[in-house]
Every structure is written in C-alpha cells, then in structure tokens.
Amino acid sequence: MKLTFFPSSPLFSGISREELESLLDCLSASVKIYHTGETVFHAGDIITSAALVLAGSVNILKNDAWGNRKIIEHIDQGQVFGETYACLENEPLMVNAEACCDTRILFLAISKLATVCEKKCIFHTKLIHNLLSVLAKRNLMLTRKMDYITPKSIRERLLTYFSYESFRQQSLTIILSFNRQQLADYLSVDRSALSNELSKMKKDGLIRINRNTIELLSQPDSINPVTNIKHT
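What the sequence shown shows, in the working numbering, is residues 36 to 267, in sequence order.
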C-alpha cells in the first residue's frame, strides 16, 4: 500500500514509513471515508478489523432498550477502536461507532496484525507490542470513565471530568471534544440538567464558558487541586 501520508499514531510508534508501507500490505489495509453522522460499525456486527482514525473523529455509542444513547468514548485522530471485538471471534458488537465529522479511517485485519508474519519482520513485532500498549491504555480510559460517572451529582461529574482535562491539557483553560448534548451523553446525565448545572457553576464563580472552551476559575473543596498549571 503506497502512502500519500504518514499516520501519526501510537500503533505505529518506532516504525518507519518504508516499513509501514510493507506492513500495510501484509495487514490487508484499506481506507474508507465516512461523513458526519455516518455509522462505521453497528451494534450486532461481527468485525475482524481494527480501525484507525486518520482524520476526523468518532464517537463510540451505546443505546439501551428504550432508545437512550450514551457516549462511551470519543476517538480522535491517531487513535484506534474496534480492536477488542476484532480480537474476539464471533463476538457481536455491543456499541455503535459514528463519525463526528467527515472522517477517514484505516482498517487493519486483526488476525494478521496480532500474529507475526511468515517473514518474522522486526517491525511486525513492534506493531504487536504497540497493540498491547493501545489495549492497556483503553483499559485505563474505561477505568477513568468510571471515575466520571460514579459521583451522584452532575456538578461532581463535571468537576471530575474538567479536573482530568485540565491535567491532560496542562492548562486551566480547557477545550472540550464534545458539544453540550455529547457531553451530557458521555457523563450519563440529562442535557437540560447539565446545562442548568453549568449555568450555576458559572454563577458560583467556578468556571467561565465560551462555547466549547471552559476556564476553571476556582478550586472546589471536593476536588483535589491540579498543581503546576497556570491560566492561559
């Protein structure tokens, strides 16, 4: 597969462009473009490929029996999704994957990715090591998600989420990946209740809001302070 780009992703860490071109052929790689709101994977699908976001982003969604929707995870450029289900033979997806915007995705055959090829090339071994790292980080992300949705109050959930994003972005001014509805879905709360709580937090002097930009103005007693971060 001839590359007109070089994917920036932890999955390809330590692998050169030349090695990657050879590797993509080995993995029966293919690229597909999805438009805003288009479904990449449907719940109930049996998948055999891991998906890497080359451009754009994807939300992993779960619907309950009453049609309520929750965002389980947001997948940005360079991140991988679907690899867990692809590793499990005949395990139907319990979630949907939906493009947040016009999105380009690279699909990789997991059966060929997870095993060393006949040539036993070093860069294929690197890829397997990188895949294990990706899976470990995914488990960490799911544990972190539990931290967000465990608190009973909406304010506590927001503060926990904002605190982590402040640490991750190394700033008290954070850029959210979600719009208001998506944030409500991600934190498993009602959108109107979330908007109302954000207004109260703004009135209480905890935050300043400008669309998807949140500035943290003071530190609530219920959240541990984020150290070594300054206002930008």
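Beta carbons: idealized from backbone N, C-alpha and C, even for Gly.
Candidates the options, of which the one nearest residue i by Cα
i: residue 253; options: 164, 207, 67 and 58; result: 207
i: residue 202; options: 185, 237, 250 and 114; result: 250
i: residue 124; options: 84, 175 and 135; result: 84
i: residue 163; options: 68, 118 and 180; result: 118
i: residue 105; options: 120, 132 and 116; result: 132
i: residue 221; options: 65, 177 and 57; result: 177
i: residue 43; options: 97, 244 and 113; result: 113
i: residue 246; options: 219, 231 and 215; result: 215
i: residue 122; options: 161, 97 and 170; result: 170
i: residue 212; options: 227, 248, 182 and 191; result: 248
i: residue 82; options: 231, 147, 57 and 120; result: 120
Alpha carbon of residue i to alpha carbon of residue j, nearest angstrom
i: residue 145; j: residue 195; result: 35 Å
i: residue 224; j: residue 189; result: 7 Å
i: residue 80; j: residue 235; result: 42 Å
i: residue 59; j: residue 67; result: 15 Å
i: residue 142; j: residue 134; result: 15 Å
i: residue 138; j: residue 70; result: 6 Å
i: residue 63; j: residue 95; result: 24 Å
i: residue 157; j: residue 229; result: 50 Å
i: residue 238; j: residue 183; result: 23 Å
i: residue 173; j: residue 186; result: 22 Å
i: residue 65; j: residue 232; result: 44 Å
i: residue 267; j: residue 57; result: Caution applies to residue 267, whose pLDDT of 47 falls short of 50 and renders its modelled position unreliable; the value that the coordinates give is listed next. So the two alpha carbons sit approximately 44 Å from each other.
i: residue 167; j: residue 175; result: 13 Å
Exposed unless 16 or more other CB atoms sit within 10 angstroms - verdict on residue i
i: residue 53; result: exposed
i: residue 61; result: buried
i: residue 198; result: buried
i: residue 260; result: Here the model assigns residue 260 a pLDDT of 42, short of 50, so the residue's position is not dependable and the matter cannot be decided.
i: residue 10; result: Since the first and last residues shown for the chain are 36 and 267, residue 10 lies out of range.
i: residue 159; result: buried
i: residue 179; result: exposed
i: residue 243; result: exposed
i: residue 263; result: Residue placement at residue 263 cannot be trusted, given a pLDDT of 47 that sits under 50; what the coordinates show is reported in the next sentence. Under this definition residue 263 is an exposed residue.
i: residue 193; result: buried
Whole-angstrom C-beta distance between residue j and residue i, which should lie under 8 Å
i: residue 110; j: residue 116; result: 5 Å
i: residue 204; j: residue 210; result: 7 Å
i: residue 140; j: residue 219; result: Contact flag wrong, Cβ pair sits at about 26 Å.
Min CB distance residue i to chain C below 7 Å
i: residue 192; result: Judged by its chain identifiers, the structure shown contains no chain C, having just a single protein chain.
Query raised in the report: Does the count of Cβ pairs from the stretch 122-141 and the stretch 72-86 closer than 8 Å reach three?
Result: The stretch 122-141 vs the stretch 72-86: in contact.
Query raised in the report: Looking at C-beta atoms only, is the number of pairs between the stretch 44-58 and the stretch 91-111 that lie closer than 8 Å three or more?
Result: Touching, no, given that fewer than three Cβ pairs across the two stretches are closer than 8 Å.
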